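In full-length UniProt numbering, the protein residues as written are 1 to 213.
Worksheet for the structure shown next.
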Amino acid sequence: MASPAVLHGFFASSCTWRVRAALVLKSIPFEERHVDIVQLKTHLSDQYQAVHPAQKVPALEIDGTTLVESMAILQYLEDTRPRPALAPVAPLPRARMREIVETIVSGIQPLQNVGVRGLLGSDEEYSAFARGAARRGLQTLEALLARSAGQYCVGDQLSMADLCFVPQLFNAVGRLKLDISDLPTISKLYAKLSKEEIFMKTHPRTVKHLSET
Ligand SMILES: N[C@@H](CCC(=O)N[C@@H](CS)C(=O)NCC(=O)O)C(=O)O
Numbered sequence: 001m002a003s004p005a006v007l008h009g010f011f012a013s014s015c016t017w018r019v020r021a022a023l024v025l026k027s028i029p030f031e032e033r034h035v036d037i038v039q040l041k042t043h044l045s046d047q048y049q050a051v052h053p054a055q056k057v058p059a060l061e062i063d064g065t066t067l068v069e070s071m072a073i074l075q076y077l078e079d080t081r082p083r084p085a086l087a088p089v090a091p092l093p094r095a096r097m098r099e100i101v102e103t104i105v106s107g108i109q110p111l112q113n114v115g116v117r118g119l120l121g122s123d124e125e126y127s128a129f130a131r132g133a134a135r136r137g138l139q140t141l142e143a144l145l146a147r148s149a150g151q152y153c154v155g156d157q158l159s160m161a162d163l164c165f166v167p168q169l170f171n172a173v174g175r176l177k178l179d180i181s182d183l184p185t186i187s188k189l190y191a192k193l194s195k196e197e198i199f200m201k202t203h204p205r206t207v208k209h210l211s212e213t
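Written out as structure tokens, the structure reads:
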């Protein structure tokens, strides 16, 4: 029998959460190895650089190799374990999904990543920059979701867009303390999706608790 996949991740990392949720949805056995990117900064060790050249999380050991970059990992899982599908088949909803994914993955997450904290002056300056960037990204997301959302970010099918959306919103509301009450589509969708089993099961709170017991 193949050995379980190994997810190198941090419980509160939005990028790790995307992959954790996909692994659970696709019923892929895995163990999660804690990489502390906040206090101990174990991701900056030479040992971890051998796992992830950019010294970030997540990295996934699977099928005898190691993959990095959460969206490359999700696409690999989709290509090798297509059920349940995490992307619509038709070209237009697929493009809508990618609009949302790109907005989050390129337009929001990197600008508020803890890795840029030291590059942006004081903690206050970092916080103001991160909150401003996230807020602007969420406004874009609101406009995109207003035309694409149904029960999920794109129509009524759970997709990679949702796997990016819920962790990013948890970050925006929980860590950056952003008020989203003036973003109606986002507020409604986030309230609904955060109660879904897959996001509760893979939530940072659940994982933190498990890693402590
Ligand atoms: N594009 C990468 C981003 C990875 C990333 O920025 N991960 C964050 C946690 S969500 C991290 O490891 N930050 C630590 C650092 O940059 O020093 C992905 O999607 O995997």
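From the three backbone atoms N, C-alpha and C, an ideal C-beta is built for every residue, glycine too.
The structure displayed is predicted, hence computed values, not measured ones.
Does the distance between the C-beta of residue 37 and the nearest non-hydrogen atom of ligand 1 fall short of 7 Å?
yes
Are residue 74 and residue 160 closer than 8 Å when you measure CB to CB?
yes
Can you tell me whether residue 191 is buried or exposed, with buried defined as 16 or more other CB within 10 angstroms of its CB?
exposed
Under the three-state DSSP convention, the category residue 170 falls into
helix
Select from 138, 10 and 28 the residue whose C-alpha is nearest the C-alpha of residue 40.
10
Option in 166, 154, 179 and 182 with minimal Cα separation from residue 202
166
Give me the Cβ distance between residue 187 and residue 180, rounded to the nearest whole Å; I'm assuming they're in contact under 8 Å.
5 Å
Do the CB positions of residue 78 and residue 90 come within less than 8 Å of each other?
no
I need the DSSP call for residue 30, collapsed to helix, strand or coil.
strand
Test item, CB below 7 Å from any non-hydrogen atom of ligand 1:
10, 13, 14, 15, 16, 37, 43, 55, 56, 57, 58, 68, 69, 70, 71, 105, 109, 110, 113, 114 and 115
Near residue 152, which residues of its chain fall below 7 Å by C-beta distance, leaving aside the five closest residues on each side in sequence?
158, 159 and 162
Starting from the Cα of residue 105, find the closest Cα among 178, 34, 182 and 137 and give me that residue.
137
With distance defined between alpha-carbon atoms, name the residue in 103, 27, 184 and 12 nearest to residue 33.
12
Determine, using beta carbons only, whether residue 57 and residue 35 come nearer to each other than 8 Å.
yes
Can residue 140 and residue 103 be called in contact, C-beta distance under 8 Å?
yes
Within this structure, are the beta carbons of residue 100 and residue 164 separated by less than 8 Å?
yes
Determine the closest residue to residue 150 out of 84, 24, 22 and 189, with distance taken between C-alpha atoms.
189
Looking at residue 117 and residue 178, is the spacing between their C-beta atoms short of 8 Å?
no
Please list, in chain order, all residues of the same chain as residue 29 whose beta carbon is under 8 Å from its beta carbon, the five residues on each side excluded.
4 and 5
In or out: residue 200 buried (at least 16 other Cβ within 10 Å) or exposed?
exposed
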